[in-house]
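Data block below; observations after.
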Amino acid sequence: MKRMRRPVLVAASLVVALTLSTPGALAADVDEVLQAARDATFNASRLTISVWGGRTQVSDQWVEHWSGGEVVRTNSSWSAYGNGRAMTMGDSGKGFAFMSNRPVAVSERYSIGNVSDVTHLRRECLRVEINEGDIRRAVLIVDKLTGAILRSDTYTDTGKIFRTTSLEDFKPYRVYAQPSDSGSIPLEVVMHADSYGLPEEIAGYTLVDVFPGPGSSEQGFYSDGLFSFSLFTMSKQTKITGLDNPMAFVTNLGVYDMVPTAQDVRLHWSDTESNFVLVGDLPPDHARNVLAELPLPDAGSMFTRWWRRLFG
Amino acid sequence: MAGVNPVSERLSMLMSCYLDGALLAGEIDEVVAVLDSDLDAIAEFHRLKGARRAVRLLPMLEVPLFLLPGGHLSEQLSAFLDGELTTAEVPIVTDHLLTCIDCRHELADLDKSRIAVRALPGVEPPEFLSLRREEHVKRRGWRAAAVVATGVAAVTLAFALGPFSSSSETASVTITDLDARHAAVASVPALQVSTP
Chain B
119 MKRMRRPVLV AASLVVALTL STPGALAADV DEVLQAARDA TFNASRLTIS VWGGRTQVSD
179 QWVEHWSGGE VVRTNSSWSA YGNGRAMTMG DSGKGFAFMS NRPVAVSERY SIGNVSDVTH
239 LRRECLRVEI NEGDIRRAVL IVDKLTGAIL RSDTYTDTGK IFRTTSLEDF KPYRVYAQPS
299 DSGSIPLEVV MHADSYGLPE EIAGYTLVDV FPGPGSSEQG FYSDGLFSFS LFTMSKQTKI
359 TGLDNPMAFV TNLGVYDMVP TAQDVRLHWS DTESNFVLVG DLPPDHARNV LAELPLPDAG
419 SMFTRWWRRL FG
Chain W
16 MAGVNPVSER LSMLMSCYLD GALLAGEIDE VVAVLDSDLD AIAEFHRLKG ARRAVRLLPM
76 LEVPLFLLPG GHLSEQLSAF LDGELTTAEV PIVTDHLLTC IDCRHELADL DKSRIAVRAL
136 PGVEPPEFLS LRREEHVKRR GWRAAAVVAT GVAAVTLAFA LGPFSSSSET ASVTITDLDA
196 RHAAVASVPA LQVSTP
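This is the structure:
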């Protein structure tokens with residue numbers, strides 16, 4: 119028996135050693151990669167470039183990230199995010215604290231594709247492909263030491279990159295930087311609300327939580343674990359400001375007002391009764407699929423269309 | 016002095032225990048014998064007594080209830096809902112809420128009452144309460160103007176309800192506000208995904 123046991127042990131050890139030395143062992147599934155990235159501690163400059171409707175949006179920020187939070191400086195303005203809170207700092211600083219503890223799992227439609235060793239910013243990294251079915255949805259460059267995602271390229275369903283995020287001047291530690299007046303920012307606390315109208319799932323995105331929004335609106339937060347969006351539903355009479363000079367987001371079902379930023383996209387439309395605003399970081403093809411399952415934009419009567427054509 | 020000489024250091028410790036009433040019989044004899052003869056020891060003894068008195072005379076600090084283990088947050092919850100807590104206080108409250116079911120229930124009840132109050136219909140005060148007497152006198156003069164104003168309002172309303180305008184109410188939201196709300200909610204799962 120002992121003679122038999124030795125080769126088995128050697129073979130088992132070999133298998134374990136090979137498994138551990140494979141880069142894939144460090145990126146077993148999408149959940150693990152994303153969780154490690156959330157727990158990473160670093161400060162860096164973050165450049166985000168995205169392309170929506172043929173126009174390029176660029177954002178250059180300094181970020182300090184740690185498990186459960188992130189402080190962001192854009193030009194001279196500061197903001198902080200984490201644990202359900204988002205706040206802008208400064209004289210007119212304000213913020214929100216959302217009470218939610220519903221877990222979000224990464225959708226089964228995502229899987230890890232090719233994983234390989236690369237060197238990026240002179241650091242040992244893994245290049246991890248995340249696939250959605252047969253298509254490549256994202257390529258991440260993950261720092262082996264910290265788990266931070268040093269670069270991510272997100273693709274559309276046609277294989278084009280629509281957003282790139284890259285870190286520069288990466289330092290794997292915190293400097294605890296934030297403006298001194300951050301302790302006195304008023305926070306609006308928002309509690310979970312019951313919803314009777316929002317679908318539980320839209321195009322692969324699960325309804326995670328519902329909250330009361332501003333102006334008697336309702337906020338439904340949807341996520342598939344990799345991307346997320348909030349759908350705000352409000353009365354048609356509610357005026358939405360900040361959507362000046364929108365671009366048109368055209369699907370085969372209608373035309374939507376679109377104001378993209380480097381990080382996310384805002385889409386606005388209304389039907390006969392309600393106004394809708396969608397804010398999220400989802401790719402354009404996902405946005406199309408989501409919009410197809412929501413109330414369609416109201417084209418208006420012939421007279422209204424004629425009036426809009428004349429006067430905008 | 017006490018820190019330099021090891022014997023004095025031991026004596027200093029013994030005298031401190033003596034003041035606390037924590038010495039054994041033999042040790043008490045030792046301290047008393049030294050205090051009878053050693054001037055340095057007597058000076059050290061007076062210094063220790065002075066320090067103790069100073070500590071006793073410090074004002075008592077009241078520890079906030081929510082900082083004590085097992086304490087509840089009744090007083091802070093309302094301020095929490097109204098967004099009146101400082102940024103430093105919010106994590107204390109949210110952390111406590113994660114572990115205290117009583118406070119979570121109380122917070123939910125408070126929130127329900129707040130929503131119920133908000134949902135109450137607005138009541139217009141009767142005319143005799145809102146108008147002062149002199150305004151009553153002037154009212155006749157305004158009646159003609161009111162007829163004209165009503166006409167103008169009717170025309171405005173007709174325009175507002177028609178295709179000439181898309182808005183007839185004052186409720187408005189900014190897109191940056193919606194952005195911030197999304198960012199706040201999106202930051203929640205960051206801590207929750209790993210929870211089994």
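Residue numbers (the working numbering), protein chains in the order written: chain B, 119 to 430; chain W, 16 to 211.
Note that beta-carbon positions come from the ideal geometry of N, C-alpha and C, so glycine has one too.
- Contact of B/Tyr-294 with chain W by beta-carbon distance below 7 Å is absent, the smallest such distance being about 14 Å.
- The C-beta separation of W/Cys-32 from W/Leu-38 comes to about 5 Å, placing the pair in contact by the 8 Å criterion.
- Counting other Cβ atoms within 10 Å of its Cβ, B/Tyr-314 stays below 16 and is therefore classed as exposed.
- Chain W has no Cβ within less than 9 Å of the Cβ of B/Gly-265.
- Put simply, the CB of W/Leu-26 is far from chain B, with every gap to its CB atoms at 9 Å or more.
- When Cβ-Cβ separations below 9 Å define contact, B/Asn-201 makes contact with chain W.
- Scanning its chain for C-beta atoms nearer than 7 Å, with the 5 sequence neighbours on each side dropped, one finds around W/Phe-60 the residues Met-30, Leu-50, in chain order.
- With contact defined as three or more Cβ pairs closer than 8 Å, the region 268-284 of chain B and the region 234-253 of chain B are in contact.
- Around B/Thr-359, the beta-carbon contacts reaching into chain W at under 8 Å are Ser-187, Val-188, Thr-189, Ile-190.
- Taking a Cβ-Cβ cut-off of 9 Å, the neighbours of W/Ser-202 in chain B comprise Gly-186, Gly-187, Glu-188, Tyr-199, Gly-200, Asn-201, Gly-202, Arg-203, Ala-204, Phe-216, given in sequence order.
- Annotation: B/Arg-220 to B/Glu-286 spans about 33 Å, alpha carbon to alpha carbon.
- Here B/Leu-263 is exposed: its Cβ has fewer than 16 other Cβ atoms, across all protein chains shown, within 10 Å.
- Within 7 Å of the CB of W/Ala-198, the CB atoms of chain B belong to Tyr-199, Ala-204, in sequence order along the chain.
- B/Glu-391 sits exposed, since fewer than 16 C-beta atoms from the chains shown fall within 10 Å of its C-beta.
- The count of Cβ pairs closer than 8 Å, one atom from the region 342-354 of chain B and one from the region 368-378 of chain B, stays below three, leaving the stretches out of contact.
- Cα atoms of W/Leu-88 and W/Ala-66: separation of roughly 36 Å, rounded to the nearest angstrom.
- Of W/Leu-54, W/Val-46, W/Glu-24, the smallest CA-CA separation from W/Leu-34 is found for W/Val-46.
- Interface criterion met: the Cβ of W/Glu-99 is under 9 Å from a Cβ in chain B.
- Identification of chain W residues near B/Asp-389 by a Cβ-Cβ cut-off of 8 Å yields none; the smallest Cβ-Cβ distance measures about 13 Å.
- Residues of chain B whose Cβ lies closer than 7 Å to the Cβ of W/Asp-126 are, in chain order, Met-309.
- Restricted to the region 148-191 of chain B, the alpha helix (DSSP H) segments that are unbroken, complete and at least 4 residues in length are 148-157, listed in chain order.
- Taking a C-beta distance under 9 Å as the contact criterion, B/Gly-360 and W/Thr-189 qualify as a contact pair.
- Per DSSP, W/Arg-71 is one residue of the alpha helix (DSSP H) stretching across 54-72.
- Note: B/Ala-198 is bridge-paired with B/Val-189, B/Met-205 in the DSSP secondary-structure output.
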